[in-house]
Amino acid sequence: MNTELKIATRQSYGEELEKLGKENEKIVVLDADLSSATKTNIFAKSFPERFFDMGIAEQNMMSTAAGMATCGDIPYVSTFAVFAAGRAYDQIRNSICYPNLNVKICATHAGVTVGEDGATHQMIEDISLMRTLPNMKVMCTSDDIQTRWAIREIAKIDGPVYLRLCRLASPVIYNENQKFEIGKAIQIGEGTDATIFATGITVSEALKAKELLKNDGIDVRVVDIHTIKPIDKELIIKCARETRKLFSVEDHNIIGGLGSAIAEVLTEEEPKKLKRIGIPDTFGKSGKAMELMQYFGINAENIAKTIKEG
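Okay, so the sequence shown: first residue is 10 according to the working numbering, each after it adds one.
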């Protein structure tokens, strides 16, 4: 992991989307008056005829994207996660998922790491909302390399995808040779004392925690679950059998998110205790991103502390 090189996954999204637009004329992009923040303005500059600023009208944007998909376009739809998954939920459910249309919802500024914007803009329920929708695939990428792969890969899927992206710049974890596959998590390390399942921005924190624990003689493995639906049942079962303790960590409500998804697999396939680390049943707060990660206990130091105590 390159802790010195940090790139926000929303930036990776904007840059790779513009490259994809050069290769595929079916790609169209819709945004809800936030293109400078979601970074779709990079695409808009190169392809103004294929970029549509829908204004502060997220529900209309989702319905328009659905219509475009019926005409053979591949719409990439962007706004903050709180507006995408929350304000436009009905349109995603009935106009996109029910007819199984080819719309890619790339939602930025997810989780408490939105920071100073506060509780109203900190979407910590979106994974829960999106993964319960039939036909929807749900992804949450952890670094620049993985995000660029995901942007291209979801264009190959015929059907709706929800891709969760972050505002905060995060370390680059992977190199250009790393192989990814939708629905297949990535195991980092062979430690048998514990498994830390993580997604998105918490993957880098889990890797830092892994190093902290090593100093205490505790050998853990980290599993990057970039695809939350469909989830990698096989790897979860493997880790449950090979490691003594299981932990999940996420920048999301512990109800309905990554931890819940893993617990569902364990309950049915390999019953074992799982400690969920994430946002408790509460709303976020206004503050600096890293301070909020510490406050809610999803930073490396708290992950390591929880594992030592667990």
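Where a beta carbon is used, it is the ideal one built from N, C-alpha and C, also for glycine.
Everything numeric in this text was worked out from a predicted model, so none of it was measured.
Mapping the DSSP letters down to three states, classify Ile343 as helix, strand or coil.
Absent from the structure is residue 343, since the part of the chain shown begins at 10 and ends at 319.
Sort Asp135, Ile101, Val123 and Ile316 by Cα distance to Thr73 and report the nearest one.
Measuring from the Cα of Thr73, the nearest candidate turns out to be Ile101.
Which residue spans inside the stretch 37 to 110 form an unbroken beta strand (DSSP E) run of at least 3?
Fully contained in the stretch 37 to 110 are the following beta strand (DSSP E) runs of length 3 or more, in chain order: 60 to 62 and 83 to 89.
Let me know if Pro180 comes out buried or exposed under the rule of 16 or more other beta-carbons within 10 Å of its beta-carbon.
Counting Cβ neighbours within 10 Å, Pro180 comes out buried, since at least 16 surround it.
Hey, would you say Gly265 sits closer than 7 Å to Val229, going by beta carbons?
Result no, Cβ atoms of Gly265 and Val229 do not sit closer than 7 Å.
Let me make sure I understand the geometry here. Which of Thr315, Glu277 and Val170 has the alpha-carbon closest to that of Ile286?
Among Thr315, Glu277 and Val170, the Cα nearest to that of Ile286 is on Thr315.
Tyr183, DSSP secondary structure in three states
Here Tyr183 sits in coil by DSSP.
What does a CB cutoff of less than 6 Å around Glu134 pick up in its chain, not counting 5 residues either side in sequence?
Contacts found: Asn262.
Whole alpha helix (DSSP H) runs in the stretch 108 to 136 with 4 or more residues, listed along the chain?
With a minimum length of 4 residues, there is no unbroken run of alpha helix (DSSP H) contained wholly in the stretch 108 to 136.
To the nearest angstrom, how far is the alpha carbon of Leu341 from that of Pro280?
In the structure displayed, the chain extends from 10 to 319; residue 341 sits before or after that span and is not available.
I need the boundaries of the alpha helix (DSSP H) containing Ser257, first residue and last residue.
Ser257 -> not in any alpha helix (DSSP H); beta strand (DSSP E) instead, spanning Lys254 to Asn262.
So, under 8 Å CB-CB, Glu259 and Thr208 are touching, yes? Tell me the CB distance rounded to an integer number of Å.
So it is a contact: roughly 6 Å between Cβ atoms.
Spell out the partners DSSP gives Ala203 in its beta bridges.
Ala203 pairs with Val229 and Lys254.
Could you compute how far the alpha carbon of Gly124 sits from the alpha carbon of Ser295?
About 6 Å.
State the Cα-Cα distance for the pair Ile191 and Thr236, rounded to the nearest angstrom.
In this structure, the alpha-carbon of Ile191 lies about 6 Å from that of Thr236.
Of all the options Leu177, Cys80, Ile83 and Asp202, which has the alpha carbon lying nearest to the alpha carbon of Gln20?
Selected option, being the one with the closest Cα: Leu177.
Classification of Leu14 by the beta-carbon crowding that lies within 10 angstroms, buried from 16 upward:
Classification for Leu14: exposed.
Starting from Lys217 and walking both ways along the alpha helix (DSSP H), at which residues does that stretch end?
Bounds of the alpha helix (DSSP H) holding Lys217 are Thr211 to Lys223.
Name the residue from Ala218, Thr252 and Glu278 whose alpha carbon lies nearest to the alpha carbon of Ile312.
Taking only the C-alpha atoms, the option nearest Ile312 is Ala218.
What is the rounded straight-line gap between the Cα of Ala78 and the Cα of Tyr171?
Ala78 and Tyr171: Cα-Cα distance of roughly 15 Å.
Given that a residue counts as buried once 16 or more other Cβ atoms are within 10 Å of its Cβ, and exposed if not, what is Arg173?
Under a 10 Å Cβ-count criterion, Arg173 is classified as buried, with 16 or more other Cβ atoms of the shown protein chains found around its own Cβ.
Met193 - DSSP class collapsed to helix/strand/coil:
The question names Met, but residue 193 in the sequence shown is Lys. If DSSP states are grouped into helix, strand and coil, Lys193 belongs with the strands.
Cα-Cα separation, Met302 to Gly120
Rounded to whole angstroms, Met302 and Gly120 show a C-alpha spacing of 10 Å.
Spatial distance of Ser213 from Ile182 (CA atoms)
Roughly 7 Å separates the two Cα atoms.
Flag this pair as yes or no: are the beta carbons of Asn111 and Asp167 separated by less than 7 Å?
Contact flag set, yes.
Pairs of beta-carbons, one from the stretch 75 to 94 and one from the stretch 143 to 151, closer than 8 Å: are there three or more?
The way I'd put it, the stretch 75 to 94 doesn't touch the stretch 143 to 151; fewer than three beta-carbon pairs between them come closer than 8 Å.
Do Ile105 and Pro169 have their CB atoms nearer than 7 Å?
Result yes, Cβ atoms of Ile105 and Pro169 sit closer than 7 Å.
Any idea which residues DSSP pairs Lys146 with across the strands?
Bridge partners of Lys146 according to DSSP: Val170.
Round the Cβ separation of Gly23 and Thr49 to the nearest angstrom and send it over; I've been treating them as touching at under 8 Å.
Right, the Cβ-Cβ distance comes to about 6 Å (below 8 Å), so this counts as a contact.
Length of the line joining the Cα atoms of Gln155 and Gly319
Those two C-alpha atoms are separated by around 31 Å.
Looking at Glu277 and Ile246, is the spacing between their C-beta atoms short of 7 Å?
The answer is no: Cβ separation not under 7 Å.
Could you have a look at Glu13 and say whether DSSP puts it in helix, strand or coil?
Strand at Glu13.
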